[in-house]
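Peer 1: In order, the protein sequence lines correspond to chains R and P.
Numbering-wise, the first sequence is residues 1 to 504 according to UniProt numbering.
Numbering-wise, the second sequence is residues 1 to 504 according to UniProt numbering.
What follows is a structure written as structure tokens; I'll ask about it next.
Number of protein chains: 2
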Amino acid sequence: MVFDLYIYASSLLLKFPGKDVHLPQTFKNISSSHSIMTSLNSNIIKKISAIVGKEYCTTRMADLHCYSYDGKGIIYLPEAVAFPRTTEEVSEIMKLASLHRFAVVPRGAGTGMTGGSLPIAGGLVMAMTRMNSIVEIDHRNQVAVVEPGVITIDLQKAVQAVGLFYPPDPASLKFCTVGGNAAECAGGPSAVKYGVTKDYIMGLEAVLPSGEIVTAGTRTEKGVTGYDLTRLFVGSEGTLGIITKLYCRLLPLPESKATFLVLSKSLDKATELVSTILNRGIVPSTLEYMDRTAIRIVSDLLSEPPAKGTEALLLLELDGTQKSIDEQTVRLRQLLADDDDISFRQAKNEAEVKELWLARRSISPAAFKLKPHKISEDVAVPRSRIPELVRFTEKLSQELDITILTFGHAGDGNIHVNIMIDKANANELERGEKAKELLFVHTISLEGTLSGEHGIGITKSAYLGLELNEATIKLMKSIKSVMDPHNILNPGKIFPETIESGDK
Amino acid sequence: MVFDLYIYASSLLLKFPGKDVHLPQTFKNISSSHSIMTSLNSNIIKKISAIVGKEYCTTRMADLHCYSYDGKGIIYLPEAVAFPRTTEEVSEIMKLASLHRFAVVPRGAGTGMTGGSLPIAGGLVMAMTRMNSIVEIDHRNQVAVVEPGVITIDLQKAVQAVGLFYPPDPASLKFCTVGGNAAECAGGPSAVKYGVTKDYIMGLEAVLPSGEIVTAGTRTEKGVTGYDLTRLFVGSEGTLGIITKLYCRLLPLPESKATFLVLSKSLDKATELVSTILNRGIVPSTLEYMDRTAIRIVSDLLSEPPAKGTEALLLLELDGTQKSIDEQTVRLRQLLADDDDISFRQAKNEAEVKELWLARRSISPAAFKLKPHKISEDVAVPRSRIPELVRFTEKLSQELDITILTFGHAGDGNIHVNIMIDKANANELERGEKAKELLFVHTISLEGTLSGEHGIGITKSAYLGLELNEATIKLMKSIKSVMDPHNILNPGKIFPETIESGDK
Chain R
1 MVFDLYIYAS SLLLKFPGKD VHLPQTFKNI SSSHSIMTSL NSNIIKKISA
51 IVGKEYCTTR MADLHCYSYD GKGIIYLPEA VAFPRTTEEV SEIMKLASLH
101 RFAVVPRGAG TGMTGGSLPI AGGLVMAMTR MNSIVEIDHR NQVAVVEPGV
151 ITIDLQKAVQ AVGLFYPPDP ASLKFCTVGG NAAECAGGPS AVKYGVTKDY
201 IMGLEAVLPS GEIVTAGTRT EKGVTGYDLT RLFVGSEGTL GIITKLYCRL
251 LPLPESKATF LVLSKSLDKA TELVSTILNR GIVPSTLEYM DRTAIRIVSD
301 LLSEPPAKGT EALLLLELDG TQKSIDEQTV RLRQLLADDD DISFRQAKNE
351 AEVKELWLAR RSISPAAFKL KPHKISEDVA VPRSRIPELV RFTEKLSQEL
401 DITILTFGHA GDGNIHVNIM IDKANANELE RGEKAKELLF VHTISLEGTL
451 SGEHGIGITK SAYLGLELNE ATIKLMKSIK SVMDPHNILN PGKIFPETIE
501 SGDK
Chain P
1 MVFDLYIYAS SLLLKFPGKD VHLPQTFKNI SSSHSIMTSL NSNIIKKISA
51 IVGKEYCTTR MADLHCYSYD GKGIIYLPEA VAFPRTTEEV SEIMKLASLH
101 RFAVVPRGAG TGMTGGSLPI AGGLVMAMTR MNSIVEIDHR NQVAVVEPGV
151 ITIDLQKAVQ AVGLFYPPDP ASLKFCTVGG NAAECAGGPS AVKYGVTKDY
201 IMGLEAVLPS GEIVTAGTRT EKGVTGYDLT RLFVGSEGTL GIITKLYCRL
251 LPLPESKATF LVLSKSLDKA TELVSTILNR GIVPSTLEYM DRTAIRIVSD
301 LLSEPPAKGT EALLLLELDG TQKSIDEQTV RLRQLLADDD DISFRQAKNE
351 AEVKELWLAR RSISPAAFKL KPHKISEDVA VPRSRIPELV RFTEKLSQEL
401 DITILTFGHA GDGNIHVNIM IDKANANELE RGEKAKELLF VHTISLEGTL
451 SGEHGIGITK SAYLGLELNE ATIKLMKSIK SVMDPHNILN PGKIFPETIE
501 SGDK
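Given below as structure tokens:
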């Protein structure tokens with residue numbers, strides 16, 4: 001099998017010249033402070049198959065490839081993929097993994113941006129896609145009980161049908177899973193008003209690396225019985241346990257919505273406006289921002305392209321009852337009308353709303369018009385410091401002679417910084433990496449954070465020490481160690497470390 | 001010193017015949033799975049004094065007594081009390097405690113209801129009251145940076161002065177501290193709309209039992225850099241670390257408020273109304289409930305006492321802009337007007353609002369009109385199950401021939417169940433304890449939780465296994481062990497265990 005994998009990997013390298021292709025690291029010799037990974041021999045594969053059923057465990061090359069990448073675009077081949085259907089099956093697999101010390105990497109839809117679901121140490125990918133039942137929608141208590149493999153938009157539609165609302169709306173909501181969202185603590189445009197995934201996970205069930213099944217949180221709004229394990233699992237990027245059930249908080253569905261496009265000839269004024277809006281008691285459900293580069297690459301999607309000299313665009317939505325929207329709209333118009341540098345219009349119908357959102361959602365793919373590759377970061381700063389952050393990226397862009405576009409969730413200070421490069425140009429790649437590092441350092445100096453919603457995964461782990469002191473990282477690692485003493489669950493993620501390999 | 005303490009404790013028993021008085025357990029021999037506590041000899045006291053300054057470390061009996069009890073009303077004498085002023089001082093004390101293995105019990109204002117701040121193993125009480133600076137109110141980003149000893153109402157007033165709002169409002173808000181609120185995850189009437197303390201702690205700084213200083217969370221709305229340590233400390237009842245700084249989320253101050261009194265001749269209709277209101281898009285900022293017994297004991301505080309036959313009372317508040325309140329008021333009136341069993345009125349002025357709140361806030365003290373002691377529980381159930389819970393307490397009351405009153409935060413299912421007893425009557429005490437146990441069992445069967453906002457402390461730890469399975473409790477304990485390997489920080493809380501003692 002080792003030989004096969006090498007041949008296959010080589011063929012992948014030929015097929016995907018732009019991608020980094022990695023063999024399972026169990027076949028390499030990488031030193032580690034933690035543990036020694038074992039490879040999945042046929043005996044283990046047989047046992048996994050016996051747990052989930054033969055048809056739900058695969059080692060076929062074509063299948064392995066499908067579970068070898070995520071939104072980051074790097075390829076790490078797993079040795080096998082299992083598709084459990086029940087918590088008990090997940091538990092049995094983890095008991096096996098504890099016994100034989102093989103790596104297990106839980107995976108939702110693989111839409112993560114930082115490599116969180118990549119099997120970088122080989123081993124087994126545990127695909128949660130078959131555990132996709134909406135178990136219950138408790139209308140009276142505004143709670144949904146779901147399995148982790150439920151697609152986010154499916155949950156949204158199901159609760160909408162009974163007049164309820166599940167706010168988390170990551171860009172990948174048509175594909176990603178609620179379990180994956182919870183593991184990565186996904187955000188989205190609605191976070192400015194509604195918060196992120198962690199704010200909607202009231203409780204959960206998880207399987208520990210040992211195979212033990214634990215529960216966290218409650219089905220009630222309040223609950224302080226012991227430590228808050230819910231939040232420990234949420235955002236832990238699949239390194240502490242495998243989430244097998246979630247209790248999701250729901251809200252009443254907003255009755256109405258209004259969408260506004262705000263164009264500014266001044267970047268400073270646009271970012272200043274964000275603070276002003278929020279401090280005047282206007283609480284938009286969306287307050288998205290794009291810089292002039294982002295505007296340029298999507299402007300052909302707009303029926304009325306922004307005038308020349310437009311430096312920034314804000315996409316703003318209000319939701320609630322029609323009367324409360326009307327009231328906020330009046331206030332908003334008063335705020336916006338005062339300035340010659342700022343123009344705005346309200347979307348008149350659903351088609352216009354769709355057009356604006358299409359433009360916003362197209363930035364990320366359209367960025368490839370500029371360069372074939374991107375370094376995509378999602379730093380967050382206190383929102384009053386957005387102007388400083390954006391000006392810094394402009395300075396970086398000039399000084400390093402590199403294309404950088406910024407857009408994202410201005411309302412909560414979470415700015416997507418896309419550093420556009422051509423990896424074939426080694427010098428440009430180096431300048432891109434330099435820009436990323438300087439961006440992180442500056443973000444921290446602005447009292448910001450390395451990641452607003454994408455997580456650390458493998459792409460930011462080297463920079464963890466910029467934000468967290470040694471004692472804090474040590475504490476996090478000690479929690480990981482006590483929960484996963486053999487480092488078998490999603491090894492090599494979040495914390496800067498290497499993984500040792502070798503069959504036993 | 002041992003002899004002195006015994007004499008003092010005996011004198012306390014004479015002075016406070018209704019209270020349980022306990023000597024520091026370091027002077028007893030109690031077996032433990034964990035560690036051996038040392039007592040604070042004069043050498044250690046000298047070192048603590050050197051850290052905080054002589055005037056801020058006391059072993060005077062009168063002082064020790066002041067720090068020997070909390071809202072639960074049991075007395076456990078500490079051996080010394082220290083009043084650190086800085087994070088560094090807290091850190092130095094914890095290093096000393098790690099070295100000499102003495103118990104440290106952090107304490108805010110001692111208003112907790114479940115014994116969380118009681119020095120049940122003796123040792124040092126670390127009173128956080130001198131660390132009471134509001135370090136910063138960041139108006140533009142709606143964040144307050146505070147030290148743990150800030151009184152909750154002082155923070156509320158300070159942010160209100162600049163048009164902002166810190167929602168958590170535990171009943172003790174005039175005395176309790178933000179640090180204590182965070183440690184216990186305090187709730188309050190506003191939780192139905194605004195959530196509880198945990199929802200307003202964005203980040204924090206804490207000192208570990210080892211003396212290491214860690215940071216958790218971010219100053220940004222979003223942040224997923226490593227594990228969510230913020231929530232691990234919040235609600236951990238001072239067992240994992242000592243919180244030394246908090247980043248508090250603020251909201252724009254609501255512009256207006258309206259208060260309603262709803263009286264119902266039917267308990268079922270009143271509790272049903274709670275769900276109906278919340279499902280019709282009305283989001284009250286308060287939705288408090290009291291049963292007929294609670295009404296009876298406070299009715300003399302109301303200028304218009306409820307008519308005979310009133311089975312339940314709801315106190316409901318709306319906040320927001322005046323227009324949004326008007327809109328919700330119309331909806332509320334439509335909902336309420338349909339039923340002959342329900343009457344309501346809106347408070348016409350601030351005096352009437354105060355009167356209604358006085359009545360609500362007086363239930364807890366007024367309960368002592370019924371019996372000299374109470375067993376005060378704060379279970380929470382999914383709000384649709386409140387009728388079942390309340391009916392069960394009525395059944396309990398009849399079957400065990402005991403007075404039980406229920407009131408509390410109906411909007412989030414968090415019901416305060418007060419079991420009224422006279423401890424001098426051994427049989428009644430026994431029936432009271434029986435009622436408490438049956439209440440817990442029934443609450444769990446309704447998918448509820450042992451504690452909505454008071455925490456587990458020492459009063460509910462024996463019942464933890466009713467709600468959490470063995471693997472979950474084991475996991476929590478393993479986190480405690482890895483963070484506090486010598487079990488020196490607030491030992492004996494949350495988890496059912498005993499503490500060994502003995503000088504070294």
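Cβ atoms here follow ideal geometry from the backbone N, Cα and C, with glycine treated the same way.
Bear in mind that the values here come from a model prediction, so they are computed numbers and not experimental data.
Just the C-alpha distance for R:Ile-479 and P:Leu-475, rounded to the nearest angstrom, thanks.
Peer 2: Cα to Cα, R:Ile-479 sits roughly 10 Å from P:Leu-475.
Peer 1: Counting only beta-carbon separations shorter than 9 Å, does P:Ala-471 have a partner in chain R?
Peer 2: It does; some Cβ of chain R falls within 9 Å.
Peer 1: So, does the segment 38-46 of chain P touch the segment 96-103 of chain P, judging by three or more C-beta pairs under 8 Å?
Peer 2: Result yes; three or more Cβ-Cβ pairs closer than 8 Å.
Peer 1: I need the straight-line Cα distance from R:Ala-50 to R:Thr-111, nearest angstrom please.
Peer 2: When rounded, the distance between both Cα atoms is 29 Å.
Peer 1: Could you tell me which chain R residues have their CB closer than 7 Å to the CB of P:Asp-340, listed as they occur along the chain?
Peer 2: Within chain R, no residue comes near P:Asp-340; the closest Cβ sits about 24 Å away, beyond 7 Å.
Peer 1: Is the distance from the Cβ of P:Gly-187 to the Cβ of P:His-409 below 9 Å?
Peer 2: Yes, they are a contact pair.
Peer 1: Counting Cβ pairs closer than 8 Å, one from the segment 270-290 of chain P and one from the segment 324-334 of chain P, do we hit at least three?
Peer 2: Output reads yes: the segment 324-334 of chain P touches the segment 270-290 of chain P.
Peer 1: Hey, is R:Ser-33's beta-carbon within less than 9 Å of any beta-carbon in chain P?
Peer 2: Note that R:Ser-33 scores a pLDDT of 40, beneath 50, so its modelled location is shaky and nothing firm can be said.
Peer 1: Assuming P:Val-214 and P:Leu-229 make a contact with CB atoms under 8 Å, what is their CB distance in whole Å?
Peer 2: Between P:Leu-229 and P:Val-214 the Cβ distance is about 7 Å, and since that is below 8 Å, they are a contact.
Peer 1: Could you confirm whether any beta carbon from chain R is found closer than 9 Å to the beta carbon of P:Phe-495?
Peer 2: Yes, contact with chain R.
Peer 1: Leaving out five residues before and five after P:Lys-198 in sequence, what residues of the same chain have Cβ atoms less than 7 Å from its Cβ?
Peer 2: Excluding residues within five positions, the ones whose Cβ falls inside 7 Å are Cys-185, Arg-231, Val-234 and Gly-235.
Peer 1: Would R:Cys-248 pass as an interface residue toward chain A - the criterion being a Cβ-Cβ separation below 9 Å?
Peer 2: The question asks about chain A, but that chain is absent: this structure's protein chains are R and P.
Peer 1: Could you tell me whether the Cβ of P:Asn-418 comes closer than 9 Å to any Cβ of chain R?
Peer 2: Chain R contact via Cβ: absent.
Peer 1: At the level of alpha carbons, what is the spacing between P:Gly-320 and R:Gly-116?
Peer 2: Their Cα atoms are separated by approximately 41 Å.
Peer 1: Would you check if the segment 349-363 of chain P and the segment 374-392 of chain P touch, i.e. whether three or more CB-CB distances between them fall below 8 Å?
Peer 2: Touching, no, given that fewer than three Cβ pairs across the two stretches are closer than 8 Å.
Peer 1: Between which two residues does the beta strand (DSSP E) holding R:Tyr-76 run?
Peer 2: 74-76 is the span of the beta strand (DSSP E), which, as asked, contains R:Tyr-76.
Peer 1: Is any beta-carbon of chain R found at less than 9 Å from that of P:Arg-231?
Peer 2: It does: the Cβ of P:Arg-231 has a partner Cβ on chain R nearer than 9 Å.
Peer 1: For P:Thr-152, which of P:Cys-57, P:Ile-201, P:Pro-496 and P:Val-482 has the nearest alpha-carbon?
Peer 2: Ranking P:Cys-57, P:Ile-201, P:Pro-496 and P:Val-482 by Cα distance to P:Thr-152 puts P:Ile-201 first.
Peer 1: Mind listing the chain P neighbours of R:Glu-453? Cutoff is C-beta to C-beta under 8 Å, in chain order.
Peer 2: Those within 8 Å of R:Glu-453 in chain P are Lys-222 and Val-224.
Peer 1: Just curious, the beta strand (DSSP E) that R:Gly-217 is in, first and last residue?
Peer 2: Per DSSP, R:Gly-217 belongs to the beta strand (DSSP E) from 213-217.
Peer 1: Pull up the CB-CB distance for R:Glu-147 and R:Val-135, whole angstroms please, since I reckon it's below 8 Å.
Peer 2: Going by Cβ atoms, the distance from R:Glu-147 to R:Val-135 rounds to 7 Å, so yes, they are a contact pair.
Peer 1: Specify, as a first and last residue, the run of the beta strand (DSSP E) that R:Gln-346 falls within.
Peer 2: Note, R:Gln-346: beta strand (DSSP E), 342-346.
Peer 1: Quick one: grab the DSSP three-state call for residue 505 of chain P.
Peer 2: Here chain P covers residues 1 to 504 and nothing more, so residue 505 of chain P does not appear.
Peer 1: Have a look at P:Ala-294, P:Leu-468, P:Val-178 and P:Ile-494 and flag the residue whose alpha-carbon is nearest the alpha-carbon of P:Ile-243.
Peer 2: For P:Ile-243, the nearest C-alpha among the options comes from P:Val-178.
Peer 1: Apart from the five residues on each side of it in sequence, which residues of its chain come closer than 8 Å, Cβ to Cβ, to R:Leu-14?
Peer 2: Unreliable placement is indicated for R:Leu-14, whose pLDDT of 47 sits below 50; no coordinate value is reported for it.
Peer 1: Between R:Thr-114 and R:Ile-415, what straight-line distance do the alpha-carbon atoms span, to the nearest angstrom?
Peer 2: Cα-Cα distance, rounded: 16 Å.
Peer 1: Name, please, each residue of chain R whose Cβ falls closer than 9 Å to the Cβ of P:Ser-376.
Peer 2: Result: empty, since nearest Cβ-Cβ is about 15 Å, beyond 9 Å.
Peer 1: With 16 other CB atoms within 10 Å as the buried threshold, where does R:Pro-84 fall?
Peer 2: It counts as buried.
Peer 1: Smallest Cα separation from R:Glu-221: which of P:Asp-412, P:Ile-494, P:Ser-461 and P:Glu-437?
Peer 2: Closest option to R:Glu-221, Cα to Cα, is P:Asp-412.
Peer 1: Cα-Cα, which of P:Ser-299, P:Glu-317, P:Lys-348 and P:Asn-132 is closest to P:Tyr-194?
Peer 2: It is P:Glu-317 whose Cα lies nearest to the Cα of P:Tyr-194.
Peer 1: Cβ closer than 8 Å: which chain R residues qualify as neighbours of P:Ala-380?
Peer 2: The contacting residues are Thr-218, Thr-220, Glu-221, Lys-222 and Gly-223.
Peer 1: Using CA coordinates, which residue listed in R:Tyr-76, R:Ser-42, R:Gly-53 and R:Tyr-56 is at the minimum distance from R:Ile-458?
Peer 2: Checked all of R:Tyr-76, R:Ser-42, R:Gly-53 and R:Tyr-56; the closest Cα to R:Ile-458 is R:Tyr-76.
Peer 1: Which one of P:Tyr-247, P:Ser-172 and P:Ser-451 has the shortest CA to CA distance from P:Leu-468?
Peer 2: The shortest Cα separation from P:Leu-468 among P:Tyr-247, P:Ser-172 and P:Ser-451 belongs to P:Ser-451.
Peer 1: Could you check whether P:Leu-335 and P:Leu-263 sit closer than 9 Å to each other, using their CB atoms as the reference points?
Peer 2: No, Cβ-Cβ distance for P:Leu-263 and P:Leu-335 is not below 9 Å.
Peer 1: Roughly how far, in whole angstroms, is the beta-carbon of P:His-139 from the beta-carbon of P:Leu-155, given that I think they are within contact range, below 8 Å?
Peer 2: Wrong, their Cβ atoms sit about 14 Å apart, outside the cutoff.
Peer 1: Residues of chain P with a CB under 7 Å from the CB of R:Tyr-67: which are they?
Peer 2: The contacting residues do not exist; R:Tyr-67 stays about 23 Å from chain P at best.
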